[in-house]
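Enquirer:
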Amino acid sequence: MRAAFQPRLQVYIGSKRQGYKVEGVIIMHDNKVTDVLGAGTHYYPEYWSGDAQDAVLADLSRIIAAAPLFVPRMPRTGQPWSITMTNAGALGWVSDREGYRYQPHHPETGAAWPQIPDALLALWDDVTGYRAPPECCLINYYAAPKAKMGLHQDRDETALDAPVVSVSLGDTAVFRMGGPQRRGSTRSMRLHSGDVFVFGGPSRLYFHGIDRVLHGSSQRLGTVAPFHEGGRINLTLRRVNPPDNR
Ligand code: MD3
Ligand code: FE
């Protein structure tokens, strides 16, 4: 069940150099903001209550016990990212010297990824209505106070008609959303614990990244193993291959 309250989505425009100003405040209706920025992005502020978020964290704890967090590395250079990650589902997304790809097994243990928890499968059905379930739940963990993710596009999936669903847990993130071109203008929004974003339509291929995490802004992670350092978790549910209709 969704938390019943009426928060506002603040959208900032600008850059580090020029400074930011509030571009607009969008007031939600029916616990949902439809078509944020006119790009096919839908926003569900605090989709889950605190208890429901804790239940998802308990699921993640079990997943990580079976499929440990690993340090992704940049293709070619092998430079480590500032976050750690793991996956659930038939396919997991990995990044190492060889490149970016989806694969059915953990890069270090060689084991199949754990199943995607039922609560996340139900979320996918609720917010996407897509004709097939997600094949991947990518789990990104921002433990270090300086962890971030540079501006990028998600295009390793062939089912580009399916949206990507993002769930934020723990500390608030400063999220940057660009457009279809790397060099275009960008906007900044804050992602809070329990927030769900659906990136469909044109926004599916928009550039995006995490500038920083507001370390200590939430206490939700601290009591759950292995998240004792606190920080932030982002889950993305993805359809990788088009469903086969036969
Ligand atoms: C827009 N994750 O895993 S979530 C990623 O918070 C990723 O860890 C960030 O970007 C994070 O690829 C940002 C928001 C997000 C996720 C996927 C998207 C925005 C997206 C895919 C397409 C368009
Ligand atoms: Fe992404």
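Just so we're aligned, residue 23 is where the sequence shown starts under our numbering, counting upward by one.
We put the CB at the ideal spot given by N, CA and C, even for glycine.
(1) Tell me where the beta strand (DSSP E) around residue 257 begins and ends.
(2) Where does residue 85 sit, in a helix, a strand or coil, going by DSSP?
(3) Applying the 10 Å Cβ sphere with the 16-neighbour rule, what's the burial state of residue 241?
(4) Taking only heavy atoms of the ligand MD3 into account, decide whether any of them is closer than 8 Å to the Cβ of residue 131.
(5) Could you work out which residue in 235, 103, 226 and 219 is closest to residue 187 when comparing CA atoms only?
(6) Can you give, in chain order, each stretch of the beta strand (DSSP E) that sits fully within the segment 183–226 and has at least 3 residues?
(7) Relative to the ligand MD3, is the shortest distance from any of its heavy atoms to the C-beta of residue 96 smaller than 8 Å?
(8) Answer yes or no: the CB of residue 258 versus the heavy atoms of the ligand SAH, is any distance below 8 Å?
(9) Does the Cβ of residue 78 have 16 or more other Cβ atoms within 10 Å, making it buried, or fewer, making it exposed?
(10) Give me the Cα-Cα distance between residue 148 and residue 261, rounded to the nearest whole angstrom.
(11) State the start and end residues of the unbroken beta strand (DSSP E) segment that holds residue 110.
(12) Whole angstroms is fine: what's the gap from residue 173's alpha carbon to residue 245's?
(13) Within its chain, find whatever has a CB closer than 6 Å to the CB of residue 25; leave out the 5 residues flanking it on each side and keep chain order.
(14) Hey, is residue 171 close to the ligand FE, as in C-beta under 8 Å from one of its heavy atoms?
(15) Please enumerate, following chain order, all residues with a beta carbon closer than 6 Å to at least one heavy atom belonging to the ligand FE.
(16) Can you tell me which of 103, 236, 258 and 175 puts its alpha carbon nearest to the alpha carbon of residue 228?
(17) Any chance you could list the alpha helix (DSSP H) runs of at least 4 consecutive residues sitting entirely within the segment 138–183, in chain order?
(18) Going by other Cβ atoms of all chains shown within 10 Å of its Cβ, with 16 needed for buried, is residue 144 buried or exposed?
(19) Could you give the DSSP three-state label for residue 74: helix, strand or coil?
(20) Are the Cβ atoms of residue 235 and residue 216 separated by less than 9 Å?
(21) Would you say the beta carbon of residue 226 comes nearer than 8 Å to a heavy atom of the ligand MD3?
(22) What's the call for residue 182, buried or exposed, on a 16-neighbour Cβ count within 10 Å?
Expert: If we stick to the structure as given:
(1) For residue 257, the enclosing beta strand (DSSP E) starts and ends at 254–260.
(2) Residue 85 carries a helical assignment under DSSP once its states are collapsed to helix, strand and coil.
(3) Exposed.
(4) No, the Cβ of residue 131 stays beyond 8 Å of every heavy atom of the ligand MD3.
(5) Comparing alpha-carbon positions, the option among 235, 103, 226 and 219 lying closest to residue 187 turns out to be 219.
(6) Listed in chain order, the complete beta strand (DSSP E) runs (minimum 3 residues) inside the segment 183–226 are 186–192, 195–199, 209–213 and 218–221.
(7) Flag unset: Cβ of residue 96 not near the ligand MD3.
(8) With respect to the ligand SAH, the structure offers nothing, as its ligand set consists of the ligand MD3 and the ligand FE.
(9) For residue 78, the number of other beta carbons within 10 angstroms of its own is at least 16, and it is reported as buried.
(10) Distance between the alpha carbons of residue 148 and residue 261: 15 Å.
(11) Start and end: 106–110.
(12) C-alpha separation (whole angstroms): 31 Å.
(13) Because the pLDDT at residue 25 is just 44, under 50, the model does not fix this residue reliably, and the point stays unresolved.
(14) In this structure, residue 171 has its beta carbon less than 8 Å from a heavy atom of the ligand FE.
(15) Those residues whose C-beta sits under 6 Å from the nearest heavy atom of the ligand FE are, from N- to C-terminal order along the chain, 174, 176 and 230.
(16) With respect to the C-alpha of residue 228, the residue from 103, 236, 258 and 175 having the closest C-alpha is 175.
(17) With a minimum length of 4 residues, the continuous alpha helix (DSSP H) runs that stay inside the segment 138–183 are 140–150.
(18) Counting Cβ neighbours within 10 Å, residue 144 comes out exposed, since fewer than 16 surround it.
(19) Helix, per DSSP.
(20) No, the Cβ-Cβ distance between residue 235 and residue 216 is not below 9 Å.
(21) Yes.
(22) Exposed, because fewer than 16 other Cβ atoms sit within 10 Å of the Cβ of residue 182.
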